[in-house]
Amino acid sequence: MREPRDKIFITCAVTGNLTTPEQTPHLPITPKEIADACLGAAEAGAAIVHIHVREPGTGKPSMELSYYRDVVEHIRARNTQLILNITTGPGGRFVPSPDEPRVAAPGTTLMVPEKRVEHIAVLKPEICTIDLNTMNSGKEVVINTPGNVRRMAKVMREAGVKPEVELFDSGDIALMHDLLRDGSLEGPPLCSFVMGVRYGFQPSPETVLYARDMLPPGAEFTAIGIGKVAFTAVAQSYLAGGHVRVGLEDAVYLSKGELAPSNAAMVEKARRIVEDLGGQIASPREARDIVGLPQRLAGSRAA
20 MREPRDKIFI
30 TCAVTGNLTT
40 PEQTPHLPIT
50 PKEIADACLG
60 AAEAGAAIVH
70 IHVREPGTGK
80 PSMELSYYRD
90 VVEHIRARNT
100 QLILNITTGP
110 GGRFVPSPDE
120 PRVAAPGTTL
130 MVPEKRVEHI
140 AVLKPEICTI
150 DLNTMNSGKE
160 VVINTPGNVR
170 RMAKVMREAG
180 VKPEVELFDS
190 GDIALMHDLL
200 RDGSLEGPPL
210 CSFVMGVRYG
220 FQPSPETVLY
230 ARDMLPPGAE
240 FTAIGIGKVA
250 FTAVAQSYLA
260 GGHVRVGLED
270 AVYLSKGELA
280 PSNAAMVEKA
290 RRIVEDLGGQ
300 IASPREARDI
310 VGLPQRLAGS
320 RAA
């Protein structure tokens, strides 16, 4: 039996790479917009922000180092305590050609593992994600082979960045155990269960408990809900002893038919859910202790 924690941290995933400007006019796109969304989420109660970047002119996903640098510098100029969690997910998608499946069709983003973590080695955020899923994703395939994952984990380890292990199904948890056993990952791990992707973990209390009970001792976890289950997952994750995540990467509605006006509004709702259930929200300093991260400047106004 794992009871709800006394204090949990909120992560806000502010833009992602799949949500489109057509879905919501409130999606942050430019580096400044993304950074401002992170700062607004922090003011609303998020201790961690999860960061992707986009092409400012089109809103399409990007891996441009200069965009990441602009986001980080803008945030750090105003907040030194907020925990930055930067994605390494882009670069693992394969689209087979209809007539020759071995040949990549347009939309394929596969690249060498070290390229996918190049920005992590340079910027050294506190946390970065590492995806363990190889799975169908819409009409495409996401590929993260054990060998490539180990190569990415090596760069993270050498940069001193803590991985957040993103788990999309139970086989991913089995792979994580292997990576912990051979030292590719260091424990206790920081994990997230991604629920609601069509061909992965299905969103339910049973899924959260099943995945939680497969984790190694001492693991911290967040159950993430995609789409209409975003806020349901907040309650489920908290009640199962985990932390919570919301943001425009995961969903665009605050309630049925009501677009979320900002990432901060989503954090505020998640905070209300947790507090109404009897929980308390961890500050960035407290979240650093929970996750095992060093503290930053003692005089930070974000303490």
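In short: position in the sequence shown from 1, add 19, done, that's the working numbering.
Heads up, the beta-carbon is just placed ideally off N, CA and C, and yes, glycines get one too.
Counting C-beta atoms within 10 angstroms of its own C-beta, Pro-125 has fewer than 16 neighbours from the protein chains shown and is therefore classed as exposed.
Each residue's CA atom was taken as its position, placing Leu-58 and Phe-113 some 34 Å apart.
If you draw a straight line from the Cα of Pro-23 to the Cα of Tyr-257, it is about 6 Å long. Boundaries for Ser-116: no alpha helix (DSSP H) harbours it, and the DSSP string shows neither H nor E there. The continuous alpha helix (DSSP H) containing Ala-230 extends over residues 224-231. Apart from the 5 residues on each side of it in sequence, Arg-88 sits with its Cβ closer than 7 Å to the Cβ of Leu-142 in its chain, given in chain order.
Straight-line spacing of the CA atoms in Asn-104 and Val-184 works out to 11 Å. Below 8 Å, enough C-beta pairs join the stretch 216-224 and the stretch 148-168 to call them touching: three or more.
For Thr-39, the three-state secondary structure derived from DSSP is coil. Annotated three-state conformation of Phe-187 is coil, per DSSP. Ala-242 carries a strand assignment under DSSP once its states are collapsed to helix, strand and coil.
The Cβ atoms of Glu-62 and Glu-74 lie no closer than 9 Å to each other. Contact between Pro-182 and Pro-207 does not hold, since their C-beta atoms are separated by about 12 Å, which reaches or exceeds 8 Å.
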